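Student: These protein sequences, in sequence, are chains A and B. Just so you know, we're using the numbering used here here: the first sequence kicks off at 1 and counts up by one. Just so you know, we're using the numbering used here here: the second sequence kicks off at 1001 and counts up by one. Just so it is clear, CB atoms sit at the ideal spot from N, CA and C, and this is done for glycine as well. Bear in mind that the values here come from a model prediction, so they are computed numbers and not experimental data.
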Amino acid sequence: MFGKLSWDAIPFHDPIPLITSMVMLLAIAGIAFWVWRKGWWPYLWNEYITSTDHKRIGIMYIVMALIMLVRGFADAIMMRAQQSLAIGASQGFLPPEHYNQIFSAHGTIMIFFVAMPFVIGFMNFVVPLQLGVRDVAFPTMNNVSFWLSASGALLINLSLFIGEFARTGWLGFPPLSEKEFSPGVGVDYYLVALQISGVGTVLTAVNFVTTILKIRAPGMSYLRMPVFCWTALASNLIMLAAFPVLTVALAQLMLDRYLGFHFFTNDGGGNSMLYMNLIWIWGHPEVYILVLPAFGIYSEVAATFSGKPLFGYRSMVFATMVICIVSYCVWLHHFFTMGAGADINAVFGIASMIIGIPTGVKIYNWLFTMYGGRVRFNVPVYYLLGFMLTFVIGGLTGVLLAIPPVDFVVHNSLFLVAHFHQVIIGGVVFALMAGYTYWFPKAFGFTLDERLGKAVFWCWFIGFHLAFMPLYVLGFWGATRRLQHIPDPTWAPYLHVAFLGAAIIGLGIVLTVVQLLYSIKTRDQRRDVTGDPWDGRTLEWLTLSPPPHYNFAVLPDVHGEEAYWTRKQTAIKQDQLIEEPDYQPIEMPVNTPTGVIVAFFASVCGFAVIWYIWWLAILGLIGAFAIFVWYAWRDEHEHIIPVEEVRANARERRRIRMEHLHNLSQST
Amino acid sequence: MTTEAATIGLTHGGSEDTGLGHRGPESKSIVVPYGFWLFVLSDMVLFSALFASYATLVHATDGGPTTNQLFDRNLVAIETVALLVSSFVCGLAMITAKRANMMATQFWLLLTGLLGAVFLFIELYEFTKMVGEGAGPQRSAFLSAFFTLVGCHGAHVTAGLLWLGTMMAQIWAKGFQQHITRRLLCFSIFWHALDIIWVAIFTIVYLIGTLP
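(1) Against chain A, with Cβ distances strictly below 8 Å, would Ile1008 of chain B count as a contact?
(2) Compute the Euclidean distance between the alpha carbons of Phe1071 of chain B and Gly478 of chain A, then round it to the nearest angstrom.
(3) Going by C-alpha to C-alpha distance, which of A:Ile297, A:Glu540, A:Gly445 sits closest to Asp524 of chain A?
(4) In chain A, which residues lie with their C-beta within 9 Å of the C-beta of Arg1023 of chain B?
(5) For the alpha helix (DSSP H) containing Ile59 of chain A, list its first residue and its last residue.
(6) At 7 Å on the CB atoms, spell out the chain A contacts of Thr1166 of chain B, in chain order.
(7) Measuring alpha carbon to alpha carbon, tell me which residue in A:Ala241, A:Gln666, A:Ile578 is nearest Ser327 of chain A.
(8) Taking Cβ positions only, does Val1150 of chain B come closer than 8 Å to chain A?
(9) Output needed in chain order: residues of the segment 256-268 of chain A with a Cβ under 9 Å from some Cβ in chain B.
(10) In whole angstroms, give me the CA-to-CA distance for Pro547 of chain A and Asn207 of chain A.
(11) Does the separation of the CB atoms of Val643 of chain A and Pro585 of chain A fall below 8 Å?
(12) Using the Cα positions of Leu129 of chain A and Ile424 of chain A, report the straight-line distance between them to the nearest angstrom.
(13) By the 10 Å Cβ neighbour count, where 16 or more other Cβ atoms means buried, how is Pro487 of chain A classified, buried or exposed?
(14) Taking the beta strand (DSSP E) that Pro589 of chain A belongs to, which residues open and close that run?
(15) Tell me whether the beta-carbon of Lys705 of chain A lies closer than 8 Å to the beta-carbon of Phe318 of chain A.
(16) Pairs of beta-carbons, one from the segment 321-335 of chain A and one from the segment 251-269 of chain A, closer than 8 Å: are there three or more?
(17) By DSSP, does Thr522 of chain A sit in helix, in strand, or in coil?
(18) Exposed or buried, what is Ile520 of chain A when buried is set at 16 or more other beta-carbons lying within 10 Å of its beta-carbon?
(19) Asp1043 of chain B and Pro309 of chain A - do their beta-carbons sit closer together than 8 Å?
(20) Give me, in chain order, the residues of the same chain whose beta-carbon lies closer than 8 Å to that of Ile656 of chain A; leave out the 5 immediate sequence neighbours on both sides.
(21) Grouping DSSP H, G and I as helix and E and B as strand, with all else coil, what is Thr592 of chain A?
(22) Would you check if the segment 420-437 of chain A and the segment 367-375 of chain A touch, i.e. whether three or more CB-CB distances between them fall below 8 Å?
(23) For a contact defined as C-beta to C-beta under 7 Å, what are the partners of Met556 of chain A on chain B?
(24) Chain A partners of Leu1240 of chain B, CB-CB under 9 Å?
(25) So if I threshold CB-CB distances at 7 Å, which residues from the segment 267-291 of chain A count as touching chain B?
(26) What does Tyr1125 of chain B touch in chain D if you count any residue whose Cβ is under 9 Å from its own?
(27) Can you tell which of A:Ser84, A:Ala150, A:Trp36 has its C-alpha closest to the C-alpha of Ile67 of chain A?
(28) Within its chain, find whatever has a CB closer than 8 Å to the CB of Leu131 of chain A; leave out the 5 residues flanking it on each side and keep chain order.
(29) Specify the secondary structure class of Arg1023 of chain B as computed by DSSP and reduced to three states.
(30) Ala563 of chain A to Ile578 of chain A, Cα distance in whole Å?
(31) Any idea what DSSP makes of Glu638 of chain A, helix, strand or coil?
(32) Mind checking who Phe446 of chain A pairs with in its DSSP beta bridge?
(33) Would you list, in chain order, the members of the segment 1061-1086 of chain B that have their beta-carbon closer than 9 Å to a beta-carbon of chain A?
(34) Does the distance from the C-beta atom of Gly163 of chain A to that of Val185 of chain A stay below 8 Å?
(35) Kindly give me the distance between the Cβ atoms of Pro404 of chain A and Phe336 of chain A, rounded to whole angstroms, as I take these residues to be in contact under 8 Å.
(36) Give the interface partners of Leu466 of chain A over in chain B, defined as CB-CB distance under 7 Å, in chain order.
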């Protein structure tokens, strides 16, 4: 009846997961109760959960990413604590089977459920605004994408409480992840959760490529698009072409595990290196899926806070697209030691170094953008500078690893761990924090506290270097990754410093929460009444903060690069806005519960598959098909915002903007 | 301003359009099939990974049956004709749908579905026969890759048949509304794409596999 599910699945005898999951359940129940007491459920349901508004969906993605960041960090600090305690005679506090689950969960969560939703959240929030349009190409599908990602996140967290998580590392390499060596449900949780969220990601990619190529404001030609939109385009193209390969690799592993196929098994002619190839054909482009939009954020920050147009806009676009293509030609550098031979290793080694060139171009572009500018040192600029320092070192250690003979020495070591954390934290996380500070006022109408923001930056910056620089050294000394116990006591001081660094990053995460709460409390003093708090250059700063549901009363006409900046300067010079346009009623897509319902069935079906409860899985599939037909049958797609409302809002906005521009022209 | 254009904020007429979106957002009749094309492309990538797996594992028979001992060219020929004719008939359905001819459209769509079902039936027959001979997917890595590649195509055809049934019911109940014919167009893109995949399967798996 219930497949493999029984009371043994609950970790009654294991205090750490039991207490953690109890705290999590209590927190969720507490928040749900609090929202109910305040009477906010209808608001939450109408304005967020069922919303097809790209801005609301973007915010939901980022909230999910921040929550999962806490979970992923908890795993990180436990690993660092274990490694700094379990040295020599001591065994630390985590037994191997638990420690292995923790490092697997840490990697899976940080990539799939922190970095990805964070990046996708920004693309959701920013891209339609920057393109000067009202929504993405497929608003309902956008909502479905989000809820499928949330469903994957739910299953990953469920594994903490019911059953176990994979002990196979964040990519689940066979043959270890095969049924023979991992008979538990851990790997199944991993596979099912990633398959469900992967479907959401492919749908997101379809949505955003269509949006960027087909839905832009009049006059917004390709070479007038802000760089963030270009990087989002590149990122989504990669997603479109890479995620199906991940789906195949994971599906084949599932077939091996569930139906006894022989793709990657040791017997029956299976070939586990096939899995490595497939997973890294997805895995290396994935790095660029994350880091390209991060480069986009840095480009926006560099131009805005330097008060100058981006240096070498076209070379930036070109570099982005080159990276987009070359990102597909380097996957084999993840396993030079496979034994493919010197010539193949050389080709992939050289390709991996070539990809450093367009990246270098970008670094110079940002430097020259700042050069000669009047740089305002707001929080995002701190992250930009911190990024350039950190990322260049990370890139250089990457070039070292791209040399096959060097890779043979340091592969699978802490050197590698230090390298990829340096590019992902220094490159992606810093950008996400910069973007969070930069676009927060656009989303909520007030800025975040600068002082606390800088404190958060210093925590991340110092904490990161303390935590990972020692790992480079240890890697050279031969410390492999994922050690549950450290045999050599001379490594202890380095591991203690690394723990200290992780603790400082933890302080940074706590301060992020403090900053958010403090900023909400003092929001009346930090209102962004103009819609343009940073003296921006792209179209999202043209509309109010927060923007109306429909973003723009009339789609802006774009003339030249830096659509908003040109328009703003003309208005300041002439001391008047463009002539008032003829307002029209606006039709916007209606809300839909489709996403939540689909995700509900996906979660039920996924849970049933993990625990071999086949009748429930079939029921879930039938439910999903029923909702598909029901959705296809609906007649009402849009609701109309009357012209009076549009006109009144637009006039109010014009009044505010006129006042603001008038002040600006007075001050200059 | 038409309903669909307004949703995404179309402000310019479509006649002088470059197709690159420089004159403002494209209309839904362009955006929806375009998005669906992208989805089909990602599906092609999915199949390319399956083809790569098959090519890697085709000789990993683990002492079990090889391609030459398993495949029956004649059966596959009938299968292929059924699927290709099904696509042709699907094209006829699109033409009659453009003319809003209900009975003819329903007839051609039904025929599309029946031919698809014939294809699927033969495939299932082949599969059960192979499993019966002890050449199931658990036998060797080659057979795992074969069943996954061909079976994935078959699963797509099955999904297509479900979609087709839904479409026929929708056209029947709601007539040739704009958004429904748009969906029908997407369905036909999907159905033709499955043909393209099948041609590749036919060549790489069956033709090469039955070479002497």
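Tutor: In short:
(1) Since pLDDT at Ile1008 of chain B reaches only 41, below the 50 mark, its modelled position is unreliable, and no value is offered.
(2) 52 Å
(3) Distance from the Cα of Asp524 of chain A is smallest, within the candidate group A:Ile297, A:Glu540, A:Gly445, for A:Gly445.
(4) Pro218, Gly219
(5) 54-85
(6) Val629, Ala632
(7) A:Ala241
(8) no
(9) Result list: Asp256, Leu259, Gly260, Phe261, His262, Phe263, Phe264, Thr265, Asp267, Gly268.
(10) 21 Å
(11) yes
(12) 27 Å
(13) exposed
(14) 586-589
(15) Past the edges of chain A, shown from 1 to 668, lies residue 705 of chain A, and the structure says nothing about it.
(16) no
(17) coil
(18) In the assembly as shown, Ile520 of chain A is an exposed residue. Its beta-carbon has fewer than 16 other beta-carbons within 10 Å.
(19) no
(20) The residues are Val529, Thr530, Gly531, Leu544.
(21) coil
(22) no
(23) Correcting the residue type first, residue 556 of chain A is Pro in the shown sequence and not Met. Result: empty, since nearest Cβ-Cβ is about 10 Å, beyond 7 Å.
(24) Since the first residue shown for chain B is 1001 and the last is 1212, residue 1240 of chain B is missing from the structure and cannot be characterised.
(25) Gly268, Gly269, Gly270, Asn271, Leu274, Leu278
(26) Protein chains in the displayed structure are A and B, and chain D is not among them.
(27) A:Ala150
(28) Thr211, Ile212, Ile215, Arg216, Ala217, Met220, Met225, Cys229, Leu539
(29) strand
(30) 14 Å
(31) strand
(32) A:Arg527
(33) Within the segment 1061-1086 of chain B, contact with chain A at the beta-carbon level (separation under 9 Å) is assigned to Thr1061, Asp1062, Gly1063, Gly1064.
(34) Taking C-beta atoms as the reference points, Gly163 of chain A and Val185 of chain A count as a pair closer than 8 Å.
(35) So it is a contact: roughly 5 Å between Cβ atoms.
(36) Neighbours of Leu466 of chain A across chain B, judged by C-beta separation under 7 Å, do not exist; the nearest C-beta is about 41 Å away.
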